[in-house]
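In what follows, a single structure is set out as structure tokens and then discussed.
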Amino acid sequence: MKETFTKGMARNIYYGGSLFFLLLFFALTFDTVSELPDRDNRQAINESVTLGKKVWEVNNCIGCHTLLGEGAYFAPELGNVVKRYGSKAAVKAFIMSRPAAGIPGRRSMPQFNLTEEELQGVADFLEYVGGVNTEGWPPNIQG
Amino acid sequence: MKYQSQSVAKLYFIAAIGLFVGQILFGVIMGLQYVIGDFLFPYIPFNVARMVHTNLLIVWLLFGFMGASYYLVPEEAERELYAPWLAKLLFWIFLFAGAATILGYLLVPYAELAKLTMNDLLPTMGREFLEQPTITKIGIVIVVLGFLFNVGMTVLTGRKTVVTIVLLTGLTGLAVFFLFAFYNPVNIVLDKYFWWWVVHLWVEGVWELIMGAILAFVLIKITGVDREVIEKWLYIIIALTLISGIIGTGHHYFWIGAPSYWQWFGSIFSALEPIPFFVMTLFAFNVVNKRRREHPNKVATLWALGTAVMAFLGAGVWGFLHTLAPVNYYTHGTQITAAHGHMAFYGAYVMIVLTIISYSMPIMRGRVANGPKAQVLEMWSFWLMTVSMVFITLFLTGAGILQVYLQRYSDTPLGFMVVQEKIELFYWMREIAGVIFLIGLIVYIMSFFVKHDDEVTA
Ligand code: HEM
Ligand code: HEM
Ligand SMILES: [Fe+2]
Numbered sequence: 185m186k187e188t189f190t191k192g193m194a195r196n197i198y199y200g201g202s203l204f205f206l207l208l209f210f211a212l213t214f215d216t217v218s219e220l221p222d223r224d225n226r227q228a229i230n231e232s233v234t235l236g237k238k239v240w241e242v243n244n245c246i247g248c249h250t251l252l253g254e255g256a257y258f259a260p261e262l263g264n265v266v267k268r269y270g271s272k273a274a275v276k277a278f279i280m281s282r283p284a285a286g287i288p289g290r291r292s293m294p295q296f297n298l299t300e301e302e303l304q305g306v307a308d309f310l311e312y313v314g315g316v317n318t319e320g321w322p323p324n325i326q327g
Numbered sequence: 137m138k139y140q141s142q143s144v145a146k147l148y149f150i151a152a153i154g155l156f157v158g159q160i161l162f163g164v165i166m167g168l169q170y171v172i173g174d175f176l177f178p179y180i181p182f183n184v185a186r187m188v189h190t191n192l193l194i195v196w197l198l199f200g201f202m203g204a205s206y207y208l209v210p211e212e213a214e215r216e217l218y219a220p221w222l223a224k225l226l227f228w229i230f231l232f233a234g235a236a237t238i239l240g241y242l243l244v245p246y247a248e249l250a251k252l253t254m255n256d257l258l259p260t261m262g263r264e265f266l267e268q269p270t271i272t273k274i275g276i277v278i279v280v281l282g283f284l285f286n287v288g289m290t291v292l293t294g295r296k297t298v299v300t301i302v303l304l305t306g307l308t309g310l311a312v313f314f315l316f317a318f319y320n321p322v323n324i325v326l327d328k329y330f331w332w333w334v335v336h337l338w339v340e341g342v343w344e345l346i347m348g349a350i351l352a353f354v355l356i357k358i359t360g361v362d363r364e365v366i367e368k369w370l371y372i373i374i375a376l377t378l379i380s381g382i383i384g385t386g387h388h389y390f391w392i393g394a395p396s397y398w399q400w401f402g403s404i405f406s407a408l409e410p411i412p413f414f415v416m417t418l419f420a421f422n423v424v425n426k427r428r429r430e431h432p433n434k435v436a437t438l439w440a441l442g443t444a445v446m447a448f449l450g451a452g453v454w455g456f457l458h459t460l461a462p463v464n465y466y467t468h469g470t471q472i473t474a475a476h477g478h479m480a481f482y483g484a485y486v487m488i489v490l491t492i493i494s495y496s497m498p499i500m501r502g503r504v505a506n507g508p509k510a511q512v513l514e515m516w517s518f519w520l521m522t523v524s525m526v527f528i529t530l531f532l533t534g535a536g537i538l539q540v541y542l543q544r545y546s547d548t549p550l551g552f553m554v555v556q557e558k559i560e561l562f563y564w565m566r567e568i569a570g571v572i573f574l575i576g577l578i579v580y581i582m583s584f585f586v587k588h589d590d591e592v593t594a
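Sequence lines, in order, name chains Z and C.
When the first sequence is numbered by the working numbering, its final residue is 327 and no position is left out of the sequence of numbers.
When the second sequence is numbered by the working numbering, its final residue is 594 and no position is left out of the sequence of numbers.
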């Protein structure tokens, strides 16, 4: 452990290695950001999607659900929910119809009392997320 | 205690332990909601309990890191803290902001809280772990900057050691990467991409520097091994950490819209991330075996060794389990993730904070180490919490394997909720293990109240 490999050498590897890989990470990030326009479905972003993302955030939907596999594991994946339900109308109907007192004994989703505009926004937002190129994830429609 | 001002750490540690209790109570509530779906509904919906659980975790770990810094920096720098009054002031601000935020989660609907705190001005809420109102986030930045200034001035005007430089680098990184919490574009891919700059670059980057520095400090103190030796280990560990962990961020970029080359970069580099954790284990055992003295604080040594082992298991082994892209394709966002998250956070960051508390708290209370009774009780709490965390992890892993098979792998995939009902047994067992964890935590707190007998104080 002594002499041959000194503390100074370890320190240099730390500084040199970290700096090198940090710069590589920045370079890869730069490349990623420049490739995203072809992958992230940004053309679908409009006012309704923007409102939808806000509704998604201020109701903390991520506290129960995953979105593209990230979030909480208490409730289903929503990145592909519009496809799973067949239509945005079906998704809206589900969100709208949650009983305020919950469903006895079952995991219950709150009733958020969204306006029609907000409901449409969330549905549009989820459809937009569904259009992101996720390299074929999730493995099947169940999410 | 060599310097009077080190004692501000005590305040931070007491708050940390108090918030830890809150975290675990909400963990147990959520564990019950997993099996009795409408438990406490609609008063405490799952998402609220989850925010409280994870935010308390982060806040108490930050209290722990700050306390650790206030304790070890003066001793390393060989001078009093630059501004002890600032440390005390920031403590109360942070505690108040933290408590107000948690009460906000519990007392008003989240959407209402967003409105009250004017989230629209700079929307940052509603993303996992970053649920805090924007003003709380700004408060965190102010507190952390004040803290960094205080600790930084102490280091710069005193003796500089490798431990304090590494610690300071980690803490600065913590502050810098937190700034990405304020970047929240509508574009979900950009949002997610940079969200990980906070989360991943914290736990698999700069926090490991903080952890390494604290571990090195405690090991220097309890083993009496030559500082040169320990510092070399520390450099090796943090070099490996950053070399693997920075590009390793890519293991979160497989399926969120980023280019496909991340499957290669992410898999290869994150597969190397267990190495620094393994070296940390070698380091801890090696140094303890070569100890030059018998420190009377046996339980602190236990925590130090336990940290190294459990961090390797939770982050290294359980992390590797699902980090290769072809595996992660199936396990992404399942109970496997939760299993790993629990053991990694506990093994690395909970345990390192409990290690420094175990070492320093007796000293701040005027003795080298606690008496045998208190130490034995604390050892009981170590085993109760650690073993029950192992079981929580195993049960969640079992649940996760079944979930992956039934929902994603088999030829006839079942719906999410159908699968959740089928694997209920594992959630019940997780809950039992969770209750034992809570008992372990109660035993831990009791160990502070064992009446001190003076025999070992020498
Ligand atoms: C009594 C023991 C505990 C129980 C029953 C418990 C339960 C839970 C539950 C049910 C979740 C939510 C999972 C989901 O999103 O569906 C969760 C999340 C989490 N808990 Fe715990 N917890 C416990 C202890 C702990 C401890 C000690 C830690 C830290 C060391 C911790 C850290 C976390 C983290 C980081 C998450 C987020 C996980 C992720 O997103 O993958 N928990 N916990
Ligand atoms: C102490 C260090 C670590 C901590 C505290 C930690 C914690 C976590 C947490 C809480 C998550 C869930 C994040 C979310 O909610 O989406 C996560 C995800 C993940 N971690 Fe770690 N981790 C650590 C180290 C590692 C290491 C060393 C590896 C790889 C060898 C790793 C591999 C992963 C992977 C692949 C995921 C994504 C899981 C998914 O796709 O759902 N982690 N980690
Ligand atoms: Fe990661």
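Quick reminder that beta carbons are idealized off the backbone N, C-alpha and C, glycines included.
Counterpart residues of residue i in DSSP-defined beta bridges
i: THR459/C; result: Paired residues: none, contrary to the question.
i: GLU254/Z; result: LEU251/Z
Burial state of residue i (16 or more Cβ within 10 Å)
i: ILE325/Z; result: exposed
i: PHE585/C; result: exposed
i: PRO322/Z; result: buried
i: ARG238/C; result: Looking at the sequence shown, residue 238/C is not Arg but Ile. When all chains shown are included, ILE238/C counts as buried.
i: PRO462/C; result: exposed
i: PRO288/Z; result: exposed
i: GLN399/C; result: buried
i: LEU370/C; result: buried
i: ALA151/C; result: buried
i: ARG428/C; result: exposed
i: ALA594/C; result: Confidence at ALA594/C is low in this model, with a pLDDT of 43, below 50, so its placement is unreliable and the value that follows should be read with caution. With fewer than 16 other Cβ atoms within 10 Å, it is exposed.
i: PHE278/Z; result: exposed
i: GLU212/C; result: buried
i: ARG502/C; result: Correcting the residue identity first, residue 502/C is Gly in this sequence and not Arg. Exposed, because fewer than 16 other Cβ atoms sit within 10 Å of the Cβ of GLY502/C.
i: GLU560/C; result: exposed
i: GLU557/C; result: exposed
i: LYS237/Z; result: buried
i: ASN297/Z; result: exposed
i: SER281/C; result: According to the sequence displayed, residue 281/C carries Leu and not Ser. When all chains shown are included, LEU281/C counts as exposed.
i: ASN183/C; result: buried
i: LYS296/C; result: exposed
i: LYS509/C; result: exposed
Expected contact under 8 Å - CB spacing of residue i and residue j to nearest Å
i: ALA475/C; j: GLY536/C; result: 6 Å
i: TYR207/C; j: SER583/C; result: The pair is not a contact, with the Cβ atoms about 19 Å apart (cut-off 8 Å).
i: VAL322/C; j: ILE229/Z; result: 6 Å
i: PHE316/C; j: TRP333/C; result: 4 Å
i: VAL287/C; j: GLY234/C; result: At roughly 20 Å, the Cβ-Cβ gap does not stay under 8 Å, so VAL287/C and GLY234/C are not in contact.
i: GLY201/Z; j: ALA375/C; result: 5 Å
i: GLY348/C; j: VAL316/Z; result: Contact flag wrong, Cβ pair sits at about 37 Å.
i: MET446/C; j: GLY483/C; result: 3 Å
i: LEU242/C; j: LEU192/C; result: That pair is no contact at about 11 Å.
i: PRO549/C; j: PRO294/Z; result: Wrong, their Cβ atoms sit about 28 Å apart, outside the cutoff.
i: ILE271/C; j: THR253/C; result: 5 Å
i: GLU328/Z; j: LYS328/C; result: Residue 328/Z is absent from the structure shown; chain Z starts at 185 and stops at 327.
- Item | Shell residues, 5 Å Cβ cut-off relative to heavy atoms of ligand 3 | HIS336/C and GLU340/C
- Counting only runs that start and end within the segment 142-212 of chain C, where is the alpha helix (DSSP H) found for 4 or more residues in a row? 144-171
- Message: Suppose only complete runs of 4+ residues qualify. What are the alpha helix (DSSP H) ranges in the segment 205-246 of chain Z, listed by chain order?
- Response: 231-242
- Item | Sequence ranges, alpha helix (DSSP H) only - wholly within the segment 323-347 of chain C, length at least 4 | 324-337
- Message: At 4 residues or longer, what runs of the alpha helix (DSSP H) sit wholly inside the segment 435-520 of chain C?
- Response: 454-457, 461-467, 471-480 and 487-500
- Message: Which runs of the beta strand (DSSP E) at least 3 residues long sit entirely within the segment 363-428 of chain C? Give them in chain order.
- Response: none
- Query: Fully enclosed by the segment 267-298 of chain C, which alpha helix (DSSP H) runs are 4 residues long or longer?
  - Reply: 270-292
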